[in-house]
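*Asks:*
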Amino acid sequence: MNTLAGTGALVRLILRRDRVLMPLWVVLMALVPMFLGSSIKQLYPTAAAVSEYARENLGNSTFIVLYGRIYDTSLGGVTFWRASSGMLIIGIISMLVVIRHTRVEEEAGRRELVGSAVVGRHAGLAAALVATIGANLVLAVLLALGLTGLGLPAGGSFAAGLAWAATGGIFAAVGALVAQLTEGAGAARGVGVTVAGAAFLLRAAGDVAGEGADPSWVSWLSPLGWMSQMRAFGQQRWWVLVPAVALIALLVAVAFALQARRDVGAGLLPPRLGPAEAAAGLRSPLALAWRLHRGGLIGWTAGFAVLGAVFGGVAKSAQDMLAGNQQLMEIFERMGGESALSDVVIAGTMGVSALIVSGYAVQATLRMRTEEAALRSEPVLVTRVGRISWALSHLVFAIFGPLVAMAAEGLVTGLVYGASVGDPGREIPRGLAAALVQLPAVWVLAGLTTALFGLRPRLAPAVGWAGLGVCLFLGLIGAAVQLSQAVLDVSPFTHIPKIPGGDLAVVPLVVLIVIAGALLALGLAAFRRRDVPVV
Amino acid sequence: MENILTASGLRKHFGSTRALDGLDLEVRRGEVHGFLGPNGAGKTTTIRILLGLLKADAGTVRLFDGDPWNDATTLHRRLAYVPGDVTLWPNLSGGEVIDLLGRLRGGLDDTRKNELLERFDLDPKKKGRAYSKGNRQKVGLVAALASNVELLLLDEPTSGLDPLMEEVFRQVVAEEQARDGRTVLLSSHILSEVEALCDRVSIVRDGRTVETGTLTELRHLTRTTITAELASPPDGLADLPGVHELQVDGTQVRFEVDTPELDAALRQLTAAGVRGLVSRPPTLEELFLRHYKTGEVKAEVAR
Ligand SMILES: Nc1ncnc2c1ncn2[C@@H]1O[C@H](COP(=O)(O)OP(=O)(O)OP(=O)(O)O)[C@@H](O)[C@H]1O
Ligand SMILES: [Mg+2]
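Chains A and B, in that order, give the protein sequences. Quick note: to get our numbering, add 664 to the position in the first sequence (first position is 1). Quick note: to get our numbering, add 118 to the position in the second sequence (first position is 1).
1) What first and last residue would you give for the beta strand (DSSP E) that runs through A:R901?
2) Please list the terminal residues of the continuous beta strand (DSSP E) segment that includes B:D228.
3) Classify B:T401 as helix, strand or coil using the three-state DSSP reduction.
4) Less than 9 Å between the C-beta atoms of A:A799 and A:W902, yes or no?
5) Which residues of the region 392-411 of chain B have a Cβ closer than 8 Å to any Cβ of chain A? Give them in chain order.
6) Does any residue of chain A have a CB that is nearer than 9 Å to the CB of B:G133?
7) Can you check which of these residues, B:S320, B:A382, B:L358, B:L339, is closest to B:T105 by C-alpha distance?
8) So with CB distances below 8 Å, who are the chain A contacts of B:P186?
9) Measuring only the C-alpha atoms, how far is A:G643 from A:P817?
10) Name, going along the chain, the residues of the region 939-951 of chain A whose beta-carbon falls closer than 7 Å to a beta-carbon of chain B.
11) With 9 Å set as the bound, which would you pick, yes or no: does the beta-carbon of B:T191 sit closer than that to a beta-carbon of chain A?
12) I need the straight-line Cα distance from B:V361 to B:R408, nearest angstrom please.
13) Cα separation between B:L309 and B:G325?
14) With distances taken from CA atoms, which of B:G158, B:D376, B:H194, B:E268 is nearest B:A296?
15) From which residue to which residue does the alpha helix (DSSP H) around B:F287 run?
16) Can you grab the Cα-Cα spacing for the pair A:G1000 / A:L806, in whole Å?
17) Which bits of chain E does A:D1007 rub up against, with CB to CB less than 9 Å?
18) For A:I728, which residues of its own chain have a beta-carbon under 6 Å away from its beta-carbon, when the five flanking residues on both sides are left out?
19) Of the residues A:E1091, A:L695, A:V1085, A:E1042, which one's Cα is nearest the Cα of B:L171?
20) Can you list, in chain order, the residues of the region 225-256 of chain B whose Cβ is nearer than 8 Å to any Cβ on chain A?
21) Can you name the residues that DSSP bridges to B:N121?
22) What does B:E268 reach in chain A if we use C-beta pairs closer than 8 Å?
23) Rounded to the nearest angstrom, what separates A:F1061 and A:A1028 at their Cα positions?
24) Starting from the beta carbon of A:V1060, find every residue of chain B whose beta carbon is closer than 8 Å, and list them in chain order.
25) Below 8 Å, is the gap between the Cβ of B:K130 and the nearest heavy atom of ligand 2?
26) Is the CB-CB distance between A:A942 and B:K243 below 9 Å?
27) Using only the alpha-carbon positions, how far apart do A:E1036 and A:V1196 sit?
28) Taking just the CA atoms, how far does A:F897 sit from A:A877?
29) List, from N- to C-terminal side, the alpha helix (DSSP H) runs of 4 residues or more that fit wholly inside the region 329-373 of chain B.
30) Go ahead and pull the three-state DSSP assignment for B:K244.
31) Return the chain-ordered list of same chain residues with a C-beta closer than 8 Å to the C-beta of A:A1182, the five sequence neighbours on each side being excluded.
32) Does the beta-carbon distance from B:D273 to B:T162 come in below 9 Å?
33) Relative to ligand 2, is the shortest distance from any of its heavy atoms to the C-beta of B:G152 smaller than 8 Å?
34) Among residues of its own chain, excluding the 5 on either side of B:E403, which ones have a beta-carbon nearer than 7 Å to its beta-carbon?
35) Cβ of A:E1042 within 8 Å of any heavy atom in ligand 1?
36) Among the candidates A:L937, A:P1104, A:T1158, A:R947, whose CA atom is the shortest distance from the CA of B:P208?
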């Protein structure tokens, strides 16, 4: 049988299943550069003002870490640069979509159902890739149309769109590959997100380490690095699309080859046997929850320790850069002394980290929902374990997991930065405080998700992630597009004091903790009263 | 005999679906009670109410002198449950799950566990995601059967087991009952299993109990099939109230008759002169199928 038979039908199935989700992310992500472009245009109405702004920020290491280097100081170039974190997001979304339609299907056993119809062995994987890459191409066109709508040149607009779509395509292919490796979709996602994180870190490290206008070769190890080398609206190096397409082709070929060598449902990494008897400690709901959450906890903590090292290192180079630039030095000294810049860098990166770690908090909270929907809560709840103890065994990780991860980041930031300025004794507690002060906002999102889990369990995932999405939007883009303070205040993260450097305002922290606690209590009370399982 | 659980007039809605509509159920201490009914009849819903997982909209439930909704955790020490589709944590081995659930319930008989693992031919070292459907069921069964509890709630526990293992299950349940006087509520679609194991059965349909009793009592309520060779064509047989599915072929007749009308029907036959007679009691299949089919049943049950 033709191994691709039935691909068309499966593509239609995917488009049908994702008929809401896919248009949503395609359109929203395509709009991001246009929004950013128009707000930059409002802030800096003339070409001269934009390029002045860009030149001021050429050497700003926080910006270099977060967005990369600026290769062109026109409105288009600055917009492409400022929106570049969208490329990473598109990449991760594309990867997750491919895993969702391949490994998740296999794990749920639905792949076998489809496989027994007239469908070739590779059709499922091919369909997932066609649908995802197709969505990225649509996104490229929409993005380009949006930017030309702002009056930007069509060539640059399409270069920007294609750079985004190519990134999405590369990570879709990465998703196709990792989906072949493991039996569980969770593990595949873990490997994939680690690859994306490494790509980001390589790009950030390479860009920071570069000389003059060019990044170091390290950036070229990361697809995110190549794609910013598209230099849309500037030199416009179309040729970077060639290695991108080649990499996609290579990854897809490897994924297909791997799939040809394995059974449906199996992974390439062989499943290991477990113990015949449970360890003596495996005797409480908390011990079970530890088994389910420990991988996530260790992964997030390690990842955040690495982030801490990167940011701690950047804070120092931000100061070095100041030392070499008399004009900038004066500005910052006026704003609050020599240490102020590194303080701003640390407080800012902790704010971004808190948004990221909220993803962990929401995910750990939603573990309750996953367990319930998979009917795995039932066997535990029909023992002498009460509902509240069961829920708390998971919530412990939603509440204290982010605390551990943030503490690791804060400690390492303080240590690395402290070592570089020769005063770790002062910097470690400051780094730790900067990290921990963020937690009440993170807990509000965990509380919101818990409340929904108790009251409207089917809506909990949607509301939890949407809540995080709103906070991400308000936190990362809200101020840039000049939303009013009242709107920005909706996000709990807006109320976190800027530490170190700013005043430690206690009242907002207490209020956030009270809100989080009330939401948690509401969710638990409702959970105790409702039917279980709601599937 | 003392009831270990009693439910009466249970009602439960899910949105606009009516899952239970005044269901009654009584299970006596020490019996194996069969719980039967077509798909969607409300068996699983009833068991979840008995477990205190769902709250009934109306009706009363007593389980060991407690209320499952309010006293769930205390009552749970005394029972074990096996669902029809055991789901396991992908990264825990079967052995770990068995031990964990046993400990959470308050203790597990290790000798019994090892014996059951052997008899069910289950490898406890595999990870949850690596088990086949039947082997997942075995994990749930071993975990429940090896714990020291008074009541076992089994919801289609043998779905996916091969015939050999199905046989092991029957032996084990029979032993349980004989040795420790445990009570079992067994929901099942496998009639031979019910016939082999159950002292009494309750049949539910559309969320209501339509029949309860021992198998003998239930048989009594149903029809006997009669085939006869007569001396002359029968007369008046068709007009008898309890006679169904009558086929007459010259002097050959074949019909089904309700047990209370047996006398009258036989009188008609002897009147015509009997040359040969075969009477067959209802099979269990016929008995249940009649209750499973919609329409006709209600009126007859009412009588
Ligand atoms: N959570 C739920 N939400 C909505 N409807 C439900 C829910 N659970 C059960 N139902 C409905 O209630 C009715 C009874 O279902 P139940 O699962 O109790 O049947 P059952 O007798 O166990 O059937 P089966 O033999 O197929 O297992 C069905 O119509 C079912 O669709
Ligand atoms: Mg059922």
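Beta carbons: idealized from backbone N, C-alpha and C, even for Gly.
*Replies:* The structure says:
1) For the purposes of this step, residue 901 of chain A is taken as the residue at position 237 of the first sequence. No beta strand (DSSP E) contains A:R901, which DSSP labels as neither H nor E.
2) The residue labelled residue 228 of chain B in the question sits at position 110 within the second sequence. Segment 228-237 is the alpha helix (DSSP H) holding B:D228; no beta strand (DSSP E) there.
3) Numbered from its first residue, the second sequence carries residue 401 of chain B at position 283. Reduced to three states, the DSSP call for B:T401 is coil.
4) Along the first sequence, read from residue 1 onward, the residue named residue 799 of chain A stands at position 135. Along the first sequence, read from residue 1 onward, the residue named residue 902 of chain A stands at position 238. No, these two residues do not count as a Cβ contact at 9 Å.
5) none
6) Locating residue 133 of chain B in the second sequence gives position 15, where the first residue counts as 1. No, its Cβ sits nowhere closer than 9 Å to a Cβ of chain A.
7) Lying before the first or after the last residue shown, residue 105 of chain B is absent from chain B, which here runs from 119 to 421.
8) Within the second sequence, numbered from 1, the residue matching residue 186 of chain B stands at position 68. None at all; the shortest Cβ gap to chain A is about 10 Å.
9) Here chain A comprises residues numbered 665 to 1199, so residue 643 of chain A is not present and cannot be evaluated.
10) P939, A940, E941, A942, L946, R947
11) The residue labelled residue 191 of chain B in the question sits at position 73 within the second sequence. Yes, contact with chain A.
12) Your numbering for residue 361 of chain B matches position 243 in the second sequence. Your numbering for residue 408 of chain B matches position 290 in the second sequence. B:V361 and B:R408: Cα-Cα distance of roughly 15 Å.
13) Position 191 of the second sequence holds residue 309 of chain B. Position 207 of the second sequence holds residue 325 of chain B. Whole-angstrom Cα-Cα distance: 20 Å.
14) In the second sequence, counting from the first residue as 1, residue 296 of chain B sits at position 178. Among B:G158, B:D376, B:H194, B:E268, the Cα nearest to that of B:A296 belongs to B:E268.
15) Position 169 of the second sequence, counting from 1, holds the residue named residue 287 of chain B. Start and end: 281-298.
16) Taking the first residue of the first sequence as 1, we reach residue 1000 of chain A at position 336. Taking the first residue of the first sequence as 1, we reach residue 806 of chain A at position 142. At A:G1000, the pLDDT of 48 sits below 50, so the modelled position is not reliable; the number obtained from the coordinates is stated separately. If I take the Cα positions, the gap works out to 44 Å.
17) Among the protein chains of the structure shown, namely A and B, there is no chain E.
18) Walking along the first sequence from the start, residue 728 of chain A turns up at place 64. Same-chain partners within the cutoff: D871, V872.
19) Within the second sequence, numbered from 1, the residue matching residue 171 of chain B stands at position 53. Measuring from the Cα of B:L171, the nearest candidate turns out to be A:E1042.
20) P242, K243, K244, K245, R247, A248
21) On the second sequence, position 3 is the one that residue 121 of chain B refers to. DSSP, once it has assigned bridges, lists B:R146 as partnering B:N121.
22) As a working mapping, residue 268 of chain B is identified with position 150 in the second sequence. Near B:E268 there are no residues of chain A at all, since even the closest Cβ is about 14 Å away, more than 8 Å.
23) In the first sequence, residue 1061 of chain A corresponds to position 397, counting from 1. In the first sequence, residue 1028 of chain A corresponds to position 364, counting from 1. Between A:F1061 and A:A1028, the C-alpha separation is close to 6 Å.
24) Here the question's residue 1060 of chain A lines up with position 396 in the first sequence. Within 8 Å Cβ-Cβ: nothing; A:V1060 doesn't reach chain B, min ~17 Å.
25) The count along the second sequence starts at 1 and reaches residue 130 of chain B at position 12. No, Cβ of B:K130 sits at least 8 Å from all heavy atoms of ligand 2.
26) Along the first sequence, one-based indexing puts residue 942 of chain A at 278. Along the second sequence, one-based indexing puts residue 243 of chain B at 125. Not a contact, by the Cβ cut-off of 9 Å.
27) The residue labelled residue 1036 of chain A in the question sits at position 372 within the first sequence. The residue labelled residue 1196 of chain A in the question sits at position 532 within the first sequence. Answer to the nearest angstrom: the Cα atoms are 8 Å apart.
28) Position 213 of the first sequence, counted from the first residue, corresponds to residue 877 of chain A. Position 233 of the first sequence, counted from the first residue, corresponds to residue 897 of chain A. So the two alpha carbons sit approximately 16 Å from each other.
29) 333-338
30) Residue numbering aside, residue 244 of chain B sits at position 126 when the second sequence is read from its first letter. Of the three classes helix, strand and coil, the one that applies to B:K244 here is coil, per DSSP.
31) The count along the first sequence starts at 1 and reaches residue 1182 of chain A at position 518. Answer for A:A1182: G1111, listed in chain order.
32) In the second sequence, residue 273 of chain B corresponds to position 155, counting from 1. In the second sequence, residue 162 of chain B corresponds to position 44, counting from 1. Cβ atoms of B:D273 and B:T162: closer than 9 Å.
33) In the second sequence, the residue the question calls residue 152 of chain B occupies position 34. Outside the cutoff, so no.
34) Sequence index remark: in the second sequence, residue 403 of chain B carries index 285 (1-based). If we look at B:E403 and ignore the five residues flanking it on each side, its Cβ neighbours are L309.
35) As a working note, residue 1042 of chain A is residue 378 in the first sequence. Every heavy atom of ligand 1 is 8 Å or more from the Cβ of A:E1042, so no.
36) In the second sequence, the residue the question calls residue 208 of chain B occupies position 90. Among A:L937, A:P1104, A:T1158, A:R947, the Cα nearest to that of B:P208 is on A:L937.
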